[in-house]
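Chains as they are written, first to last, in the UniProt record's numbering: chain A, 1 to 328; chain B, 1 to 695.
Set out below in structure tokens:
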């Protein structure tokens, strides 16, 4: 780990200013990902500004939305009665990630900004465009099991690791930030970027822009929602594919639906093509399969992760069937 | 000595348990030493070639850095015979991650940081790390690990296969896997007046002393190795690996200050050995009644070019089932890879995956129940030598296990079990492990007139309960309470003991203790009291008069229930049962734990463990616990372990057979066979991941 300076800022404005003056500085909240990357010297900030106590650690329930402070821990978020009642998939998503110890320390803001677990990204001895732009993508012709099938580029096939973010993407969450140019509200689906030819940039955040809270708009039928995660081990493993879904059916017809996928792309993947195919469709295994196929038509797998297409398709069909009460 | 007493066989709690729970038990890196220097290894970033230059200047300018050890300033070693240990003697690089030096600093953080600032130039050569069976350059080794013959042949396998009513001919593979004991490998080394002290996490203090003495050209008496507790080894700590030499070299550079070296988890994926991947072609022939007429097992594995290690994959096949025509072979690919080594049941563990899945396939092809098929092919004598078995209770294990597991209620048809979206199946496989004996162990007993006994032996406790079991054995042999015994182990100042390997520990160490107790009693005929000056006797591991006349093995039967999700292919193992026949159990509690641990590790092998090698870079890509999956609590369902009462008077005076490795053998096959029963899909390549079942 490289030597670094560490400081507490008295308030959010000071924290933002501190980073504005230090191009290599980073915010530190739970540190569950950043500190690991610093040990590996994948992340080499010269200054850590501790923001854990600057943002709210409260969950505020309003009639139209729920505001989650950026410093709310994963454990607290998953256990919150309002979240569990209104957005069960969000609680399930958080609980499916990491371990109890990590969830106790990790924060909502940090969770959204965790970096890919691509093993080549984490290994200084192998080329990686995300870590060192222009050096190449080792994963593209290497170990691809965990990698993207949607939205990847020649430069990068890494996946975003968060489970929480997938549920938040399905729920149309909005990320509130404070930055050098003032506050912003960024729809979560726009927060993370596809790699393109700039895979080193994970998000649209500017340097020094701090996530202060996440708003989850009220969605009545989200009480009928689910997060389903398939992985190579029963716990403590990143998603091969995950599905976050909420469904509103009446008289055997899908009135509305929210669907997002994890483990398939550089960002939480909102399945808009599938959603469009489902709205107004009959709630049936056949229609669910058609919708899944519509979403996955654009998939470009590699030899090591072709299995993610049938996996994602089957999981979409499975989760939608369960939520709609369609027998299989 | 074969009768069960109130002490032998009892489920005695670990005598070192409280000490461990309090954190007072010292592990290698925890021994208090004055002003330690911390060493962080430097590792080759190429796979084959040579170092053209090393610039330590930037590293040396970091605060706290004391020295940078490289091949340019390393001491010349007395022996380069063991090329794994003869590090820093030249600029040549033989595998990715090979040790090329170390940074020595006042803190481990400073050393690790400065290691990134040592600039190394390389001249790179083309490398080859690709294990595959079609290689034209496979080598026939002289012997395989354990000293077994490379090839065996009896009868005419080809003719028998040609005329067999049923033939199974398939290839089974197991991947490269890494031992990951809870305690990483660690060494503290210090030189005082030319004497070397090592606090080392090892399975055998005397084995370390022998190896390191040879490497440095020292009289063995000048090396003192201490290791009272080990946080697991599984074979990785069986023989010393290169980091021990690195620590000793580094300590010489900064003598008299001690050097502390603790490997990171990532470094363990290169430096401390691994289970090589195997490719196994099994050919079985059977007559119409389901009796095997031919068994052929051809195994391919890999070794490092610099030091040969050949997994004895096909060796258990020589002993398991009767058939008049038999053939086993081992071939090895010599690659630019780290040196493979022991991992819990080398040979037996991967080899019995191939054999026991093939046997399952053959049973089904013959229309026979897999338990019944195995019983039908039980040999009367050891098929490979013709010798009688000292004891062989595989059939009893299969029958007892089948009865307890509810095997009779099983519908043999694949895909016949279902619970909601889960496909449910059951499977069985046999386990076996040889009864080895390692020579040389001695144990000393010092008796005092107050009735206290000191028992001294350089044995190791890997966390398996040796402290407790050896105390039980001594108390039983001396006819006193356990509280009267004060045991000392884990130190080369104690009498020589062979290491904890090949499931021999309790047998070799315990036999020497029993021998010492006999000698003590012989000195006190008719129950005479112990004289005021006390008595000291030393016992040895006696020669076994039956060695070479009888085949000695332990056996077991493992049953597994496997669930595969119809949508996702996720594999779960809610239930396993292992019934074993392994002679006399010394401690029912620690024995159960060892067998349970073996089955857990076998489940992990079946479903998760896979060291993924990237052939372009020559390294293991998933070299951490995020990427290298080991079963977690959530992966383990209900595991029931038991054994049948087995009295074997031939293996040794205690009648013990060794259980450290038996539990892992066969688990993966039982799970693979159950997964086939659940799904109808036959997985012949480990690990059994969800993608195998997706449609």
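The beta carbon of each residue, even a glycine, is placed where N, CA and C say it ideally should be.
Selected residue, minimal CA-CA separation from residue i, among the options
i: residue 317(B); options: 183(B), 303(B), 289(B) and 378(B); result: 378(B)
i: residue 53(A); options: 68(A), 59(A) and 72(A); result: 72(A)
i: residue 232(A); options: 626(B), 680(B), 183(B) and 681(B); result: 626(B)
i: residue 93(A); options: 4(A), 30(A) and 242(A); result: 242(A)
i: residue 288(B); options: 246(B), 240(B), 161(B) and 201(B); result: 161(B)
i: residue 45(B); options: 93(B), 31(B) and 607(B); result: 93(B)
i: residue 194(B); options: 152(B), 622(B), 181(B) and 252(B); result: 252(B)
i: residue 372(B); options: 346(B), 391(B), 343(B) and 408(B); result: 408(B)
i: residue 189(B); options: 350(B), 180(B), 182(B) and 201(B); result: 201(B)
i: residue 10(B); options: 38(B), 470(B) and 305(B); result: 470(B)
i: residue 129(A); options: 152(A), 178(A) and 248(A); result: 152(A)
i: residue 203(A); options: 80(A), 139(A), 109(A) and 44(A); result: 109(A)
i: residue 310(A); options: 264(A), 237(A), 324(A) and 283(A); result: 264(A)
i: residue 286(A); options: 273(A), 267(A) and 327(A); result: 327(A)
i: residue 664(B); options: 353(B), 488(B), 590(B) and 19(B); result: 353(B)
i: residue 655(B); options: 691(B), 671(B), 565(B) and 506(B); result: 506(B)
According to DSSP, residues forming a beta bridge with residue i
i: residue 238(A); result: For residue 238(A), which the question treats as bridged, DSSP gives no partner whatsoever.
i: residue 617(B); result: Note: residue 617(B) sits in no beta bridge, so no partner.
i: residue 28(A); result: 50(A)
i: residue 122(B); result: 51(B)
i: residue 418(B); result: 423(B)
i: residue 179(A); result: 182(A)
i: residue 63(B); result: None, per the DSSP bridge assignment.
i: residue 266(B); result: According to DSSP, residue 266(B) bridges with nothing at all.
i: residue 570(B); result: For residue 570(B), which the question treats as bridged, DSSP gives no partner whatsoever.
i: residue 247(A); result: 257(A)
i: residue 191(B); result: 196(B)
i: residue 272(A); result: According to DSSP, which records beta bridges pairwise, residue 272(A) is partnered with nothing at all.
Between the CA atoms of residue j and residue i - distance to the nearest angstrom
i: residue 196(B); j: residue 604(B); result: 39 Å
i: residue 193(A); j: residue 250(B); result: 48 Å
i: residue 137(A); j: residue 107(A); result: 30 Å
i: residue 1(B); j: residue 667(B); result: Model confidence at residue 1(B) stands at a pLDDT of 35, short of 50, so the residue's coordinates are unreliable; what they give is reported in the following sentence. If I take the Cα positions, the gap works out to 32 Å.
i: residue 15(B); j: residue 233(B); result: 20 Å
i: residue 89(A); j: residue 6(A); result: 36 Å
i: residue 647(B); j: residue 653(B); result: 11 Å
i: residue 3(B); j: residue 478(B); result: Low confidence applies here, because residue 3(B) scores a pLDDT of 44, under 50, leaving its location unreliable; read the following figure in that light. Distance between the alpha carbons of residue 3(B) and residue 478(B) is about 15 Å.
i: residue 554(B); j: residue 586(B); result: 15 Å
i: residue 358(B); j: residue 406(B); result: 23 Å
i: residue 62(B); j: residue 55(B); result: 14 Å
i: residue 512(B); j: residue 503(B); result: 16 Å
i: residue 413(B); j: residue 628(B); result: 35 Å
i: residue 326(B); j: residue 157(B); result: 6 Å
i: residue 317(A); j: residue 572(B); result: 21 Å
i: residue 695(B); j: residue 147(A); result: 20 Å
Residue i in three-state terms, based on DSSP
i: residue 93(B); result: strand
i: residue 78(A); result: helix
i: residue 237(B); result: coil
i: residue 601(B); result: helix
i: residue 325(B); result: strand
i: residue 1(B); result: In this predicted model, residue 1(B) has a pLDDT of only 35, less than 50, meaning its place in the structure is not dependable; the value taken from the coordinates is given anyway. DSSP places residue 1(B) in coil when its eight states are reduced to three.
i: residue 44(A); result: coil
i: residue 22(A); result: coil
Item checked: Given 8 Å, three or more beta-carbon pairs between the segment 277 to 285 of chain B and the segment 249 to 264 of chain B -> no
Note to self: Count Cβ pairs between the segment 529 to 539 of chain B and the segment 617 to 633 of chain B that sit closer than 8 Å; are there 3 or more?
What the structure shows: no
Next item on the list: Tell me, please, whether the segment 155 to 172 of chain A touches the segment 255 to 271 of chain A by the rule of three or more beta-carbon pairs shorter than 8 Å.
Entry: yes
Check: Do the segment 88 to 103 of chain B and the segment 332 to 342 of chain B make contact, defined as three or more Cβ pairs closer than 8 Å?
Finding: yes
Check: Can at least three beta-carbon pairs, one atom from the segment 114 to 123 of chain A and one from the segment 97 to 105 of chain A, be found at a separation below 8 Å?
Finding: no
Next item on the list: Spell out a yes or no on whether the segment 194 to 206 of chain A and the segment 288 to 303 of chain A are touching, meaning 3 or more CB-CB pairs, one atom from each, closer than 8 Å.
Entry: no
Next item on the list: Inspect the CB distances between the segment 292 to 307 of chain B and the segment 328 to 335 of chain B and report whether three or more fall short of 8 Å.
Entry: yes
Note to self: Check whether the segment 132 to 146 of chain A and the segment 155 to 165 of chain A touch, using three or more Cβ-Cβ pairs below 8 Å as the test.
What the structure shows: yes
Next item on the list: Examine the Cβ distances between the segment 103 to 110 of chain B and the segment 67 to 74 of chain B and report whether three or more of them are shorter than 8 Å.
Entry: yes
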